[in-house]
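See structure below.
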Amino acid sequence: MKKNYRIAVLPGDGIGPEIMQEAVKVLTLVGELEGVTFTCEEGRIGGIAIDTDGTPLPEETVTLAKQADAVLLGAVGGPKWDQNPGHLRPETGLLGIRKALGLFANIRPATMHSSLVDASSLKPEVVSGVDLIVVRELTGGIYFGEKKRYDGPNGEVAEDQCIYHEAEVERIIRVGFDIARKRQKRLVSVDKANVLESSRLWRKVAERVAADYPDVELSHQLVDSCAMQLVREPKQFDVIVTENMFGDILSDQAAMLTGSIGMLSSASLAAGSFGLYEPVHGSAPDIAGKGIANPLATILSVAMMLRLSLGMDEAAAAVENAVWSVLEAGHRTGDIAADRSKAIGTVEMGQLVRDELSKQWQKQ
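Those letters in the sequence shown? Residues 35 to 398, per this note's numbering, in order.
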């Protein structure tokens with residue numbers, strides 16, 4: 035294990051800086067306890083970069099990220115920039131950095147912890163025990179296809195092209211199989227093969243790759259059926275693999291099974307161990323600066339980074355256990371509190387996690 039790591043920290047917009055501050059504090063504490071140095075260097079992305087640099091993704095941010103061992107991202111976007119042209123939208127920065135860093139696989143766990151069952155809007159018997167992962171392809175599909183808008187005989191016309199290459203599909207399908215092999219060995223490939231040609235290619239490739247994973251059970255679901263089943267019987271899923279737009283939608287839906295999108299982390303991985311880690315939730319500009327945002331998804335993203343990019347499995351587990359212990363003790367931010375009058379703030383939640391982490395380390 036290395037003793038020095040460079041981490042690119044991109045707080046972003048809205049609540050991003052607040053939650054990132056707590057996450058970096060946790061990472062710094064891990065470094066002190068492990069005898070490892072994490073050099074965290076900040077960069078701008080999204081709306082703050084538009085305002086400061088005139089672009090949602092400054093070149094120096096790309097350089098910073100490429101020189102790092104991993105990237106931590108807060109959140110981007112907000113109504114302030116909603117009317118900007120496409121190339122000056124905060125989300126364009128997010129798409130751009132994924133492409134620049136070669137990030138092609140988005141990993142989003144959705145696990146229902148026993149202490150949060152009552153926070154879900156679904157019945158406890160439906161969500162109790164949910165433990166699934168959505169694997170989403172990040173570099174192809176309709177988000178990256180050619181876009182046009184022009185005047186037609188019946189008014190304005192808009193076009194978005196959806197393209198997938200066989201190699202892109204195979205690469206992400208193999209990630210899904212590899213993850214499923216380490217879990218319950220069940221993989222659901224989600225497409226719209228009854229309508230879309232790109233989905234028919236997707237299904238064909240999935241069937242071919244399955245021959246290399248005889249120990250993993252592969253099944254297929256149409257995206258509309260999968261959306262229904264995620265609400266009706268989510269415990270049937272172990273690992274879901276799907277294309278870019280379907281994964282964007284389904285992973286947010288899966289997130290809400292757990293009661294709050296503010297609890298869920300995600301990883302976007304390149305070939306090898308390099309990755310970008312971020313919470314699933316958005317920038318929540320309505321609560322920015324109020325000190326009430328939930329930092330746990332970002333802290334859990336730190337745990338994912340420690341495990342997947344830095345090879346620090348024990349430290350990752352310690353961070354996760356500290357989060358669960360704090361929740362089991364009854365501490366809640368407003369988004370997961372039954373009684374919001376008793377909810378604690380961002381800084382207090384971060385401090386409780388660090389205190390618990392230190393306590394657990396002393397027991398080792």
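Ideal Cβ positions, reconstructed from N, Cα and C, are used throughout, including at glycine.
On a predicted model such as this, the values are computed, not experimentally measured, just so you know.
* Asked: Grouping DSSP H, G and I as helix and E and B as strand, with all else coil, what is Glu180?
  -> coil
* To do: Go ahead and pull the three-state DSSP assignment for Leu129.
  => helix
* Does the region 156-164 come close enough to the region 332-348 that 3 or more CB-CB pairs lie under 8 Å? -> no
* Could you tell me if Lys226 is buried or exposed, where buried requires 16 or more neighbouring beta carbons within 10 angstroms of its beta carbon? => buried
* Spatial neighbours of Ala352 within its chain, please: CB distance less than 7 Å, with the 5 preceding and 5 following residues excluded, ordered by chain position. => Leu391, Gln394, Trp395
* By how many angstroms is the C-alpha of Glu52 removed from the C-alpha of Glu75? -> 16 Å
* What is the DSSP secondary structure of Ser148, counted as helix, strand or coil? -> helix
* To do: Identify whether Ile49 lies in helix, strand or coil by the three-state DSSP scheme.
  => Coil, per DSSP.
* **Distance, Leu230 Cα to Ile197 Cα** => 11 Å
* Buried versus exposed call for Met346 [16 or more other C-beta atoms within 10 Å across all chains shown] -> buried
* Given Ile176, which residues of its chain have a CB within under 6 Å of its CB, disregarding the five upstream and five downstream residues? -> Asp194, Cys196, Met279
* Asked: Helix, strand or coil for Phe211 per DSSP?
  -> helix
* **Host beta strand (DSSP E) of Glu251 (start-end)** => In the DSSP assignment, Glu251 falls within the beta strand (DSSP E) that extends over 251-256.
* To do: Count the C-beta pairs between the region 64-82 and the region 134-149 that are closer than 8 Å, then say yes if the count reaches three, no if not.
  => no
* To do: Pick out whichever of Val168, Gly325, Leu172 has its Cα sitting closest to the Cα of Pro268.
  => Pro268 has its Cα closest to that of Val168, out of Val168, Gly325, Leu172.
* Any idea which residues DSSP pairs Ser299 with across the strands? -> Among the bridge pairs identified by DSSP, Ser299 is matched with Pro313.
* To do: With distances taken Cα to Cα, identify the nearest neighbour of Leu252 among Cys260, Ser259, Glu241.
  => Glu241
* Identify which residue in Pro119, Gln270, His365 has its Cα closest to the Cα of Asn328. => His365
* Asked: Counting only runs that start and end within the region 299-372, where is the alpha helix (DSSP H) found for 4 or more residues in a row?
  -> 330-342, 347-362
* Measure the C-alpha to C-alpha separation of Arg237 and Lys219 and round it to an integer number of angstroms. => 18 Å
* C-beta contact flag for Leu340 and Ala349 at 7 Å -> yes
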